[in-house]
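Under our numbering, think of the first position of the sequence shown as 120, with each following residue one higher.
In this text, a Cβ means the ideal position worked out from N, Cα and C, and glycines have one as well.
Remarks on the structure that follows.
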Amino acid sequence: MNKAPKTAISPTRTEDYPEWYQQVIRAADLAENSPVRGCMVIKPWGYSLWENMQRALDKMFKDTGHRNAYFPLFIPMSFLEKEAEHVEGFAKECAVVTHHRLEPDPDTGGLRPAGPLEEPLIVRPTSETIIGAMYAKWVQSYRDLPILINQWANVVRWEMRTRLFLRTAEFLWQEGHTVHATQDEALEETRKMLDVYADFAENFMAVPVIKGEKTAGERFPGADMTLSIEAMMQDRKALQAGTSHFLGQNFSKAQEIKFQDQNGEVAYAWTTSWGVSTRLIGALIMTHADDDGMIVPPKLAPAHAVILPIYRDDQQRAEVLSYCQNLKAELSALAYAGRAVEVEIDDRDLRGGEKKWYHVKRGVPLRIEIGPKDLAKDAVFLARRDTGEQSSLARQTLIDSFTSVLDDIQNSLFQKALTMREANTVVLSNEKEFREYFTPRNPDQPEIHGGFALCYFESEETVQPLLDELKVTIRCIPLANNDTPGTCFLSGRPAQKQAIFAKAY
Numbered sequence: 120m121n122k123a124p125k126t127a128i129s130p131t132r133t134e135d136y137p138e139w140y141q142q143v144i145r146a147a148d149l150a151e152n153s154p155v156r157g158c159m160v161i162k163p164w165g166y167s168l169w170e171n172m173q174r175a176l177d178k179m180f181k182d183t184g185h186r187n188a189y190f191p192l193f194i195p196m197s198f199l200e201k202e203a204e205h206v207e208g209f210a211k212e213c214a215v216v217t218h219h220r221l222e223p224d225p226d227t228g229g230l231r232p233a234g235p236l237e238e239p240l241i242v243r244p245t246s247e248t249i250i251g252a253m254y255a256k257w258v259q260s261y262r263d264l265p266i267l268i269n270q271w272a273n274v275v276r277w278e279m280r281t282r283l284f285l286r287t288a289e290f291l292w293q294e295g296h297t298v299h300a301t302q303d304e305a306l307e308e309t310r311k312m313l314d315v316y317a318d319f320a321e322n323f324m325a326v327p328v329i330k331g332e333k334t335a336g337e338r339f340p341g342a343d344m345t346l347s348i349e350a351m352m353q354d355r356k357a358l359q360a361g362t363s364h365f366l367g368q369n370f371s372k373a374q375e376i377k378f379q380d381q382n383g384e385v386a387y388a389w390t391t392s393w394g395v396s397t398r399l400i401g402a403l404i405m406t407h408a409d410d411d412g413m414i415v416p417p418k419l420a421p422a423h424a425v426i427l428p429i430y431r432d433d434q435q436r437a438e439v440l441s442y443c444q445n446l447k448a449e450l451s452a453l454a455y456a457g458r459a460v461e462v463e464i465d466d467r468d469l470r471g472g473e474k475k476w477y478h479v480k481r482g483v484p485l486r487i488e489i490g491p492k493d494l495a496k497d498a499v500f501l502a503r504r505d506t507g508e509q510s511s512l513a514r515q516t517l518i519d520s521f522t523s524v525l526d527d528i529q530n531s532l533f534q535k536a537l538t539m540r541e542a543n544t545v546v547l548s549n550e551k552e553f554r555e556y557f558t559p560r561n562p563d564q565p566e567i568h569g570g571f572a573l574c575y576f577e578s579e580e581t582v583q584p585l586l587d588e589l590k591v592t593i594r595c596i597p598l599a600n601n602d603t604p605g606t607c608f609l610s611g612r613p614a615q616k617q618a619i620f621a622k623a624y
């Protein structure tokens, strides 16, 4: 009887996908739960991933004309009340500050809140209202427009059921907020930023995404239109990886963002907002990681390679380390994806196998092992994290081919994820097919079900009862190749558009 191969992560993806996800985070040392319920501590390797995401996205935002600013963490409750749909959408998730200062408690000997605030403050769940209040002061004339601003910040949404990176009470993100003189300009901005997110997801994260429009029931509260990018994880569930909202004039009217147009008439401005968060790290894990841990796309890797020196005595150590340091300097002089190649040397006093698996679990793209025999041949031992492929090659060959190998890893990760999505996307035309596709194949493993289903649908109201029953959602109405009418898979009546249906995070 053949034994199952030993893996670094237990349980494996097929045994228990949700627990596998948590164990990958732990093994890669990305983050951990904090003493504050629902909040996480992002550890250095995980935060380096976020910093590299920030760096790439920030450049893309600035290349499209946006600038960074910062707005308050606290929002007066009256600001949220001005936009009814917005406050209703976020009310259950709001953290509220009602008191200021602490004072000694004579009854307990501890501390207690002192006086109440004149008006409760909301810890920002999103910033449309507070930013809109400032824009109302800044916008007087059409000459003041457009305003194209982004902020990097944290937000709080009081989630009851949390999961590291995917859903936490506090998380990091960016939120863009723009103001325009015309509807067409605002719509163009909304679509442009969705394209920026799709570009980043596919070309930096190596995550294929579908661009689409959310249905009315899935829109951002207070928006006229929400566009999103949707990605498929390895358990075939969907993950919303970024959203861009056309807010129309809803927030302008609530916040009095008005301007004098070129005809001298007063008009309400048109606004947008768009954002992505540390949820993207969760997307990286669930798209690329395997049963040995993380696999990090080179364009976002905190370290592109790790060098592991191998020696038996102090003399060998000095020779091998000198060789490793020279090689690191040569590799660090290279550039990849707009930044210098980053290389670590791991000379900790640990057994070789222990060091190897430490970096495998963290997902470092390339592992370079160098010992006395390699020095004698002026060669190195190279291993790829994505495929496990190993080879011995000349030092100069490594240097000459280094960035092309990184490119190959980056492209291979994308192609593997795309192949997986395409293999798990089907077109369904009736209720029987739909039910079978989304019914778990094994009651003990409810995560094993269908992937993406592309279906014509008459209306959200028509299909919602079935979706609630099967715990399926309408992810988006794809923007591409979706102009031909068809027949609703449930009612059999005419339908104008197809949508992607899936179970989701």
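Its Cα nearest to that of Ala210, the residue Phe198 stands out among Phe521, Phe198, Thr581 and Tyr166. Sorting Gly336, Tyr477, Thr217 and Arg231 by C-alpha distance to the C-alpha of Val242 places Thr217 at the top.
In the displayed model, Leu517 falls within a helix according to three-state DSSP. The shortest CA-to-CA distance from Asn269 to any of Pro223, Thr592, Ser167 and Thr183 is the one to Thr183.
Sorting Arg540, Lys311, Leu427 and Glu438 by C-alpha distance to the C-alpha of Arg470 places Leu427 at the top.
In the structure shown, Lys418 adopts helical secondary structure according to DSSP, grouped into three states. Bounds of the beta strand (DSSP E) holding His296 are Glu289 to His299.
Taking C-alpha positions only, Ala621 is separated from Ala150 by approximately 28 angstroms. The stretch 308-327 and the stretch 518-535 touch, with three or more beta-carbon pairs separated by less than 8 angstroms. Per the coordinates, the alpha-carbon of Leu598 lies some 7 angstroms from the alpha-carbon of Glu332. Beta-bridge partners assigned by DSSP to Leu598: none are found. Straight through space, the alpha carbons of Val385 and Asp263 are spaced by roughly 14 angstroms. The beta carbon of Lys201 lies closer than 8 angstroms to those of Thr248, Ala373 and Gln374 in the same chain, with the five residues before and after it left out.
Per the Cβ contact rule, the stretch 603-611 is in contact with the stretch 536-556 (3 or more Cβ pairs under 8 angstroms). Look at the beta carbons and you see the stretch 349-359 touching the stretch 400-410: at least three pairs across the two are nearer than 8 angstroms.
Here His299 is buried, its C-beta having at least 16 other C-beta atoms within 10 Å. In the structure shown, Val143 falls within a helical segment according to DSSP collapsed to helix, strand and coil.
Going by DSSP, Gln444 is part of the alpha helix (DSSP H) stretching over Asp433 to Ser451.
Within the stretch 508-587, complete alpha helix (DSSP H) segments of at least 4 residues are found at 514-542 and 550-557, given in chain order. A contact is defined here as three or more CB-CB pairs under 8 angstroms, and the stretch 293-309 fails this definition with respect to the stretch 159-169. Annotation: Leu537 to Leu485 spans about 22 angstroms, alpha carbon to alpha carbon. Shortest Cα-Cα distance from Ala618 to any of Phe190, Glu337 and Pro239 involves Glu337. Contact check for Asn369 and Gly341: beta-carbon distance about 5 angstroms, within the 8 angstroms limit, so the pair qualifies.
Secondary structure at Lys590: coil, using DSSP grouped into helix, strand and coil. In the DSSP annotation of this structure, His407 is not part of any beta strand (DSSP E); the continuous alpha helix (DSSP H) holding it starts and ends at Arg398 to His407. Nearest to Cys595 by C-alpha distance, out of Thr362, Asp411 and Leu585, is Thr362. As for any beta strand (DSSP E) of minimum length 3 sitting wholly inside the stretch 460-486, the runs are 462-464, ordered along the chain. For Tyr189, the number of other beta carbons within 10 angstroms of its own is below 16, and it is reported as exposed. C-alpha of Val155 to C-alpha of Val274: approximately 15 angstroms in a straight line. The three-state reading of DSSP puts Gln381 in coil, since its state is none of H, G, I, E or B. Listed as beta-bridge partners of Phe193 by DSSP are Val242. Judged by beta-carbon spacing, Leu494 lies beyond the 8 angstroms limit of Val425, meaning their Cβ atoms are not closer than that value. Burial is judged here by how many other beta carbons sit within 10 angstroms of a residue's own beta carbon; Glu207 has fewer than 16 and is exposed. Just measuring C-alpha positions, the residue of Thr603, Arg431 and Ala542 sitting nearest Lys492 is Arg431. With respect to Phe365, Ala305 sits close: the two C-beta atoms are nearer than 8 angstroms. Burial is judged here by how many other beta carbons sit within 10 angstroms of a residue's own beta carbon; Gly569 has at least 16 and is buried.
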